[in-house]
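Trainee: One structure coming up, written as structure tokens, with questions to follow.
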Amino acid sequence: MLLQRALCRSWTRQIAEPLPSYGSKLLRAHTLTLRSLRSSPRHQRPPRSGSIQTSPPFENYTFGGSVPPSNVLKAFIFTGAFSAGCFMSATILEYENTRNMMIEKARQSKFPWLRSQRVSQEQNVWEQLKQELKLHWDKLTPGERIFVPLCALNVLVFGLWRVPSLRNTMMTYFCSNPAGRAVCWPMFLSTFSHYSLFHLFANMYVLHSFSNAGVLSLGKEQFLGVYLSAGVIASLSSILYKTVTAQPGLSIGASGAIMAILAYVCAKYPDTQLSILFLPMLNFSAGSAIKVIMGFDLAGCIMGWKLFDHAAHLGGALFGLFWVYFGTELWQKRIPFLTMYHDLRKTK
């Protein structure tokens with residue numbers, strides 16, 4: 001009963017107060033969130049050396065060819081299945097986190113001496129290190145606790161791109177290409193790939209700036225579901241655009257997923273004042289910012305600009321706006337699945 005009450009309180013959690021001003025913590029410029037890559041006209045083999053390479057690993061590759069209709073169908077099916085899986089996993093994660101928190105609180109209230117005894121027994125270096133890390137982790141904001149592992153994954157993938165022996169694998173599975181032999185999983189894995197250190201920094205800066213507001217409004221589990229689903233939906237938007245315009249090519253970057261969070265926060269709190277990094281004197285409302293950004297991406301799609309993957313950005317932003325208006329109702333529909341999981345959990 002206590003668990004059910006706690007879950008019900010988390011289901012109806014709302015943010016009543018207005019979003020605080022972020023000042024210079026605005027996204028750096030939308031044009032920094034490079035996702036689409038156009039390779040050079042020549043094809044060369046990557047270096048045979050086993051050393052780590054620091055230059056962008058995409059410059060000497062060409063990709064083209066027509067997009068098979070079966071690839072588009074696979075992309076549609078994968079997007080639906082993956083998004084459903086993300087929100088189901090988020091529901092299970094929410095349940096387990098709530099359950100573990102209640103068990104820990106009950107244990108501490110029933111056995112208050114257990115905590116002091118445990119501390120006295122854990123005096124070795126490893127345990128002290130874990131305690132220090134936990135202390136720092138507890139000081140992070142809710143948004144930073146989501147941002148840190150996401151950023152770490154992006155940095156890890158960025159490092160893997162610089163290992164020549166992994167180049168073929170990374171090209172196959174960590175780049176979204178509608179004409180490629182692998183279509184589904186690259187739609188997700190490509191959201192952790194970045195072209196350069198500057199590309200990585202720009203995307204992570206924007207994600208850090210808006211993650212706390214997003215987590216406070218959505219909760220960390222729903223935030224993860226929205227973020228991961230948005231990345232795949234952005235990839236689907238890119239695939240559809242490239243198929244219609246007959247311009248297959250590589251797409252990488254987290255900007256499609258980040259655009260969903262940015263659009264959600266800006267539409268949820270349109271009067272929040274934002275500013276640009278290094279230009280704090282320029283202030284504007286979040287509602288105006290998202291209109292300009294989406295207008296820029298729409299123009300990019302219409303005009304066929306190729307520097308950025310405007311279709312992916314626009315697809316991610318539209319999903320973020322969709323979640324503002326329909327997300328609460330859809331999120332409540334997980335309750336039957338949560339009840340089923342709860343009953344299954346009790347039988348174990």
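Counting with the UniProt record's numbering, you get residues 1 to 348 for the letters of the sequence shown. Where is the CB? At the ideal position from N, CA and C, for every residue including glycine.
Can you give the beta carbon distance from H199 to G253, rounded, assuming they're within the 8 Å contact cut?
Mentor: Confirmed, Cβ separation roughly 7 Å.
Trainee: Counting along the chain, where does the alpha helix (DSSP H) carrying Q273 start and finish?
Mentor: Element bounds for Q273: not the alpha helix (DSSP H) but the beta strand (DSSP E), 273-276.
Trainee: Between the C-alpha atoms of A267 and V125, what's the straight-line distance to the nearest angstrom?
Mentor: Their backbone Cα atoms lie some 48 Å apart in a straight line.
Trainee: Can you give the beta carbon distance from G231 to G256, rounded, assuming they're within the 8 Å contact cut?
Mentor: Going by Cβ atoms, the distance from G231 to G256 rounds to 6 Å, so yes, they are a contact pair.
Trainee: Note the first and the last residue of the continuous alpha helix (DSSP H) segment covering P142.
Mentor: From DSSP, the alpha helix (DSSP H) with P142 extends over 142-161.
Trainee: When the Cα atoms are used, what is the spatial distance from S285 to R181?
Mentor: Answer to the nearest angstrom: the Cα atoms are 44 Å apart.
Trainee: Are the Cβ atoms of Y341 and I146 separated by less than 8 Å?
Mentor: Result no, Cβ atoms of Y341 and I146 do not sit closer than 8 Å.
Trainee: Could you please give me the residues that DSSP links to F284 through a beta bridge?
Mentor: L274, per the DSSP bridge assignment.
Trainee: Could you give the distance in angstroms between the alpha-carbon of M88 and the alpha-carbon of C175?
Mentor: Roughly 26 Å between the two C-alpha positions.
Trainee: Does the Cβ of I233 have 16 or more other Cβ atoms within 10 Å, making it buried, or fewer, making it exposed?
Mentor: Buried, since its Cβ has 16 or more Cβ neighbours within 10 Å.
Trainee: Could you tell me the boundaries of the alpha helix (DSSP H) in which H310 lies?
Mentor: Run containing H310: 310-332, per the alpha helix (DSSP H) assignment.
Trainee: Is it right to say G85 is buried, meaning 16 or more other beta carbons lie within 10 angstroms of its own, or is it exposed?
Mentor: By the 10 Å Cβ count, G85 comes out exposed.
Trainee: If we call anything under 8 Å between Cβ atoms a contact, is S235 one with M187?
Mentor: In contact: S235 and M187 (Cβ atoms closer than 8 Å).
Trainee: Pairing CB atoms from the stretch 287-305 with CB atoms from the stretch 203-217, are three or more of them under 8 Å?
Mentor: No, they do not touch.
Trainee: Around the Cβ of residue 365, are there at least 16 other Cβ atoms within 10 angstroms (buried) or fewer (exposed)?
Mentor: The structure shown does not extend to residue 365, since the chain is modelled only from 1 through 348, so no value can be given for it.
Trainee: According to DSSP, is D138 part of a helix, a strand, or is it coil?
Mentor: Reduced to three states, the DSSP call for D138 is helix.
Trainee: Return the bridge partner residues of S176 from the DSSP annotation.
Mentor: According to DSSP, which records beta bridges pairwise, S176 is partnered with S251.
Trainee: Roughly how many whole angstroms lie between the Cα atoms of N154 and L207?
Mentor: For N154 and L207, the distance between alpha carbons rounds to 12 Å.
Trainee: Check L307 in the structure and name its three-state DSSP category.
Mentor: Coil at L307, not helix or strand.
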